[in-house]
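Below is one structure, written out as structure tokens; the observations come after it.
Residue numbers (full-length UniProt numbering): 1 to 201.
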């Protein structure tokens, strides 16, 4: 044996079988990755459509509007009925209140502090088990604070309740003044403005 090491010879049939099993493992991994990617893209597509509906319903952003968005966790189809917080896309409208007091004590170069003038809540419930029963909202006290209160949204399984801290002021319930409370297409819309009180000495 002229300089060759004594190694085991590889049987061509055995080599072919080994190669085929390795190929199958790689193909299965790729199929699994592709299936997961399709599931995630379908889920994000649904979330994107819900967000677009909410944006369309709320209208254009105005000066003083702030956005607080839902978290971007992904729910796979196998976890559809697992208890979870609903996704949301909300807006708070702030601005200056030019009442008599503020007109007397402030000007446009030195404006008064901004105040909350309204809210737009869009809570997404695409996987509700009981699709006939609409989600509800309730107002609760915020501990000992009189300035703020909690607004709690409840829908039932598989969604947990979700609550937000808002200013504790009287709402405008007139549709003409921006009030909206509907549940359509898996989205709960609650839009309202805060009542403006005239300044009295």
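We treat Cβ as the ideally placed atom computed from N, Cα and C, and that holds for glycine.
Computed from a prediction, not measured in an experiment: that's the story for all the values here.
Starting from residue i and walking both ways along the beta strand (DSSP E), at which residues does that stretch end?
i           : result
residue 144 : Where residue 144 is concerned, there is no enclosing beta strand (DSSP E), given that its DSSP letter is neither H nor E.
residue 187 : 187 to 193
residue 91  : 87 to 95
Taking only three categories from DSSP, how would you classify residue i?
i           : result
residue 22  : helix
residue 100 : helix
residue 114 : coil
residue 108 : coil
residue 72  : Residue placement at residue 72 is poorly supported in this model, since its pLDDT is 43, which falls under 50; the coordinates still yield a value, given next. Coil.
residue 81  : coil
residue 62  : coil
Looking at residue i: is its Cβ nearer than 7 Å to the Cβ of residue j?
i           : j           : result
residue 95  : residue 193 : no
residue 172 : residue 179 : yes
residue 126 : residue 188 : no
residue 81  : residue 158 : yes
With a floor of 4 residues, list each alpha helix (DSSP H) that falls wholly inside the region 123 to 180, ordered by position along the chain. For the region 123 to 180, not a single whole alpha helix (DSSP H) run of length 4 or above is found.
Given 8 Å, three or more beta-carbon pairs between the region 87 to 101 and the region 48 to 59: Short answer: they touch.
Could you tell me whether the region 105 to 125 touches the region 152 to 164, using the rule of 3 or more Cβ pairs below 8 Å? In short, these stretches touch, since the Cβ pair count reaches three.
Is it the case that the region 136 to 143 contacts the region 100 to 117, given that we only count it when at least three CB pairs across the two stretches are under 8 Å? Contact between the region 100 to 117 and the region 136 to 143 is absent, because fewer than three Cβ pairs lie under 8 Å.
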